[in-house]
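Order-wise, the sequence lines are chains G and D. The first sequence maps to residues 1 to 371 in the working numbering. The second sequence maps to residues 372 to 721 in the working numbering. Here a beta-carbon is modelled for each residue, glycine too, at the ideal position from N, C-alpha and C. Here the structure is a predicted model, which means the values were calculated and not measured. Below: one structure, written as structure tokens.
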Amino acid sequence: MTIVTPFLLDSGQRTAAPKPSTAAHLTDAQVEDLGRELDALRESVVATRGAKDAAYIRRVIATQRSLELAGRATLLLAKHKPAWIAGTGMLTVAKILENMEIGHNVLHGQWDWMRDPDIHSTTWEWDFVTPSKAWQHTHNDLHHTWTNVLGKDRDVGYNVFRVDEGQPWQWWNLGNPLYNAMLAPFFEFGIAIYDLEFDQVREGTKSKADLKQGLKALGAKFLKQVAKDYVATPAAAMLTGSGKQALTATVTANAARNVWAHAVIFCGHFPEGVDTFTEEQIEGETRGDWYLRQMLGSANISGSKLMHLMTGNLSFQIEHHLFPDLPSNRYAEVAVKVREICERYGLPYTTGPLPKQVGSYWAKIFRLALP
Amino acid sequence: MPQLRLFTRLASAFTTPRSPEDFLRLIDPLSSARQLRGLVTAVVPETADSVTIRFRPGRGWNAHEAGQWARIGVEIDGVRHWRSYSLSTGAGQDPAITVTAMGKVSTALVRGTRPGDVLFLAPPEGDFVLPESPRPLLMLTAGSGLTPVMSMIRTLVPRRADADLVLVHSSRSPEDSLFREELLELTDQFPGFRLVQWFTGERGRRLDLATTADLDAACPDWRDRAAYACGPADFLDAAEALWNREEGELRVERFAAVVAPGSGGEGGRVTFEKSDTEVEADSGTTLLAAGEDAGLMMRSGCRMGICHACVTPLLSGQVRDTRTGEVHGEPGHLVQTCVSTAAGPVSLDA
Ligand SMILES: Cc1cc2nc3c(=O)[nH]c(=O)nc-3n(C[C@H](O)[C@H](O)[C@H](O)COP(=O)(O)OP(=O)(O)OC[C@H]3O[C@@H](n4cnc5c(N)ncnc54)[C@H](O)[C@@H]3O)c2cc1C
Ligand code: FES
Numbered sequence: 001m002t003i004v005t006p007f008l009l010d011s012g013q014r015t016a017a018p019k020p021s022t023a024a025h026l027t028d029a030q031v032e033d034l035g036r037e038l039d040a041l042r043e044s045v046v047a048t049r050g051a052k053d054a055a056y057i058r059r060v061i062a063t064q065r066s067l068e069l070a071g072r073a074t075l076l077l078a079k080h081k082p083a084w085i086a087g088t089g090m091l092t093v094a095k096i097l098e099n100m101e102i103g104h105n106v107l108h109g110q111w112d113w114m115r116d117p118d119i120h121s122t123t124w125e126w127d128f129v130t131p132s133k134a135w136q137h138t139h140n141d142l143h144h145t146w147t148n149v150l151g152k153d154r155d156v157g158y159n160v161f162r163v164d165e166g167q168p169w170q171w172w173n174l175g176n177p178l179y180n181a182m183l184a185p186f187f188e189f190g191i192a193i194y195d196l197e198f199d200q201v202r203e204g205t206k207s208k209a210d211l212k213q214g215l216k217a218l219g220a221k222f223l224k225q226v227a228k229d230y231v232a233t234p235a236a237a238m239l240t241g242s243g244k245q246a247l248t249a250t251v252t253a254n255a256a257r258n259v260w261a262h263a264v265i266f267c268g269h270f271p272e273g274v275d276t277f278t279e280e281q282i283e284g285e286t287r288g289d290w291y292l293r294q295m296l297g298s299a300n301i302s303g304s305k306l307m308h309l310m311t312g313n314l315s316f317q318i319e320h321h322l323f324p325d326l327p328s329n330r331y332a333e334v335a336v337k338v339r340e341i342c343e344r345y346g347l348p349y350t351t352g353p354l355p356k357q358v359g360s361y362w363a364k365i366f367r368l369a370l371p
Numbered sequence: 372m373p374q375l376r377l378f379t380r381l382a383s384a385f386t387t388p389r390s391p392e393d394f395l396r397l398i399d400p401l402s403s404a405r406q407l408r409g410l411v412t413a414v415v416p417e418t419a420d421s422v423t424i425r426f427r428p429g430r431g432w433n434a435h436e437a438g439q440w441a442r443i444g445v446e447i448d449g450v451r452h453w454r455s456y457s458l459s460t461g462a463g464q465d466p467a468i469t470v471t472a473m474g475k476v477s478t479a480l481v482r483g484t485r486p487g488d489v490l491f492l493a494p495p496e497g498d499f500v501l502p503e504s505p506r507p508l509l510m511l512t513a514g515s516g517l518t519p520v521m522s523m524i525r526t527l528v529p530r531r532a533d534a535d536l537v538l539v540h541s542s543r544s545p546e547d548s549l550f551r552e553e554l555l556e557l558t559d560q561f562p563g564f565r566l567v568q569w570f571t572g573e574r575g576r577r578l579d580l581a582t583t584a585d586l587d588a589a590c591p592d593w594r595d596r597a598a599y600a601c602g603p604a605d606f607l608d609a610a611e612a613l614w615n616r617e618e619g620e621l622r623v624e625r626f627a628a629v630v631a632p633g634s635g636g637e638g639g640r641v642t643f644e645k646s647d648t649e650v651e652a653d654s655g656t657t658l659l660a661a662g663e664d665a666g667l668m669m670r671s672g673c674r675m676g677i678c679h680a681c682v683t684p685l686l687s688g689q690v691r692d693t694r695t696g697e698v699h700g701e702p703g704h705l706v707q708t709c710v711s712t713a714a715g716p717v718s719l720d721a
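This is the structure we're talking about:
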């Protein structure tokens, strides 16, 4: 039995769309070979998914929950400086793990093969203000399908900022660096608003009723999130006279997680060396072309094992975009092969340490703020 | 326990979007708001190929009636599989299942289960149970089909002085025969219980239900007894035919769905609309298995067409019923995915 991912088009109906310059040297046949090699790579991981992988995600989840519990408990004594620091630190790491290595990847269906209802894309709700369902639609269905296609990829970058020469300059783009810096600590709210798709409603492609439903779901989730971090936790800490300090701690933890997630996510598609595509370029796209676009449109972050874990393995953005539903703990081994394939086909493989990648996309944001 | 519920409500303000149970599971493996679990307390060998697995279920389990079964979920290579197993202990006793290794899941259970393991569970169900008022009983079993009947025997024989029960059990050899020593002890202790063992190896033939001769010899007054049967499909088919001819009363428990010969259909592409997933399923793959193999959370129960836990609305296409071979289905019809294969392209509301 084969699983046919909905976004992969059948090959064979190609109408010779122009390739991006970085892949111009490849013939159509070579692109198809590339597609087959990547299919085989995916199959090799699928065939060996098993108990070790299941144990991995359960270990991460147990670690995350222990950290979260310990963090919150420590914050009950937040008026003591060391407790504030330790509690905030643990809670921040817990929130990052929950969003990145667990939530994002579970919501991609990376662990659905286990058929565990506790770790499944249809049941997981994450510790992030936007409801899982809303995010799955804009992220999995739209962004992963239309990766880096100007006018189609409505990922935050494209929607809010000017991140490509191909986007016409507007006077308000002057403020882009400022908006982006302001967005970082409130990233989860930015995503929540983005997931409501106001622009789609304006264009009439999303109904008012759908918007109302989305708002209701978001409102309910928002209240619960706020009640947990900004009411319940500080209220419990008030028993030891630490209420105020616990509140600053949870605000800090959420903001720190937001800044981190923002940085990692912008590193995924916007550093120098990443290609964008036009709608004409993807017309008649084959499986091979689709893989090509995912590779050329994504950038990795190099670093230690801990770094990969804290980015939710989005440091393997290229591999994640090629195979969004493979378990994240396997991207490292897949990356070795993808890199080798890129070398063989003469394709760029964009990667670099976090500071370099962050600097690179910030440079772009500044540069494109000007006409 | 209203205090407990209040506590859970309060605690969930701190744990949202997780449930308090998700955190409790760090110390209590049975804690879950979503999935009933049980902790294996003992694994007792029965024969070379079968074991009894005793377990302590978590909250949400109901005590079983003698003869009922439960869905048991096990993880094999990280993937959860579900099968049904009869509860072999008597009503009121701690639950246990007795599994005979014959395929993927049963072999994993028999060879791989250790005390301390977690089993996934659904509460007991089924109506293969003792009659409400006392009557003379005849139990006809073969192989692992003894398990639900053993639960009835354990419930009835030691507790009721008026019990009148004859068990005719067929197995290959004494070594292959489940619960043999316990059954022999019971016959010694309780005059109301009689055991007829039929070892096909020694007798050189199987219990013949084509005529009444074997039955007449084993239990002359069998016509006056309420009869229960559980065992392999051909054994049950023969028993049902015989009781039909004699116009007697027989209750049957099947462990596997009846499969009509050559009923697979042609297979086809199966679309699970809600999950946005498409798979190619061949004629030997049920819609349930196709969905599960694609990682979907499919609803299921008995997996053999009796409980209707798996029914799913059909959006388009037709399916073939593996029990009858009949091709059927119109948009909106509820199909039992566990006993249906695709007859061409099919779309399901799942
Ligand atoms: C209500 C109910 C109660 C049950 N109670 C018990 C019980 O108490 N003890 C127990 O061991 N099993 C019981 N079963 C059977 C059990 O659910 C599984 O079907 C059985 O363990 C085989 O599963 P498997 O994954 O090991 O085999 P699979 O890998 O699914 O199948 C392997 C092969 O074995 C064949 N097969 C499957 N089941 C049977 C069978 N019953 N007889 C002959 N061939 C079969 C299949 O056709 C297949 O060819 C019960 C089933 C039901 C529906
Ligand atoms: S699972 Fe019981 S009828 Fe299908």
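Residue range of the unbroken beta strand (DSSP E) whose run includes residue i
i: residue 100 (chain G); result: Residue 100 (chain G) -> no beta strand (DSSP E), and no H or E assigned at all.
i: residue 564 (chain D); result: 564-570
i: residue 456 (chain D); result: 450-457
i: residue 624 (chain D); result: 621-625
i: residue 512 (chain D); result: 508-513
i: residue 136 (chain G); result: From DSSP, residue 136 (chain G) is part of no beta strand (DSSP E); its letter is neither H nor E.
i: residue 300 (chain G); result: 300-302
i: residue 639 (chain D); result: 639-643
i: residue 542 (chain D); result: 536-542
Residue i, enclosing alpha helix (DSSP H) - first and last residue
i: residue 559 (chain D); result: 551-560
i: residue 194 (chain G); result: 187-195
i: residue 372 (chain G); result: No information on residue 372 (chain G) is available, as it lies outside the stretch 1 to 371 that chain G covers here.
i: residue 601 (chain D); result: No alpha helix (DSSP H) holds residue 601 (chain D); the beta strand (DSSP E) holding it covers 597-602.
i: residue 217 (chain G); result: 208-226
i: residue 362 (chain G); result: 354-369
i: residue 523 (chain D); result: 517-527
i: residue 233 (chain G); result: 233-238
Cross-chain neighbours of residue i in chain C, by beta carbon under 7 Å
i: residue 69 (chain G); result: No chain C appears in this structure, whose protein chains are G and D.
Buried or exposed (CB count within 10 angstroms, at least 16 for buried), residue i
i: residue 112 (chain G); result: buried
i: residue 116 (chain G); result: buried
i: residue 6 (chain G); result: Note that residue 6 (chain G) scores a pLDDT of 36, beneath 50, so its modelled location is shaky; the value from the coordinates is reported in the next line. With fewer than 16 Cβ atoms within 10 Å of its Cβ, residue 6 (chain G) is classed as exposed.
i: residue 709 (chain D); result: buried
i: residue 169 (chain G); result: exposed
i: residue 2 (chain G); result: No answer about residue 2 (chain G) holds up, because its pLDDT of 32 lies below 50 and its placement is not dependable.
i: residue 719 (chain D); result: buried
i: residue 378 (chain D); result: exposed
i: residue 215 (chain G); result: exposed
i: residue 110 (chain G); result: buried
i: residue 392 (chain D); result: buried
i: residue 618 (chain D); result: exposed
i: residue 62 (chain G); result: exposed
i: residue 387 (chain D); result: buried
i: residue 502 (chain D); result: exposed
Counterpart residues of residue i in DSSP-defined beta bridges
i: residue 689 (chain D); result: D:714
i: residue 285 (chain G); result: Bridge partners of residue 285 (chain G): none, in fact.
i: residue 427 (chain D); result: D:410
i: residue 469 (chain D); result: D:423
i: residue 446 (chain D); result: D:451
CB contact flag (residue i, residue j, <8 Å)
i: residue 192 (chain G); j: residue 252 (chain G); result: no
i: residue 352 (chain G); j: residue 314 (chain G); result: no
i: residue 294 (chain G); j: residue 321 (chain G); result: yes
i: residue 312 (chain G); j: residue 120 (chain G); result: no
i: residue 127 (chain G); j: residue 98 (chain G); result: yes
i: residue 255 (chain G); j: residue 78 (chain G); result: no
i: residue 722 (chain D); j: residue 550 (chain D); result: Past the boundaries of the shown model lies residue 722 (chain D); chain D is included only from 372 to 721, so the question cannot be answered.
i: residue 441 (chain D); j: residue 479 (chain D); result: no
i: residue 114 (chain G); j: residue 451 (chain D); result: yes
i: residue 491 (chain D); j: residue 438 (chain D); result: no
i: residue 421 (chain D); j: residue 469 (chain D); result: yes
Any heavy atom of ligand 2 within less than 6 Å of residue CB: hits in chain order | D:671, D:672, D:673, D:674, D:676, D:677, D:678, D:679, D:680, D:681, D:707 and D:709
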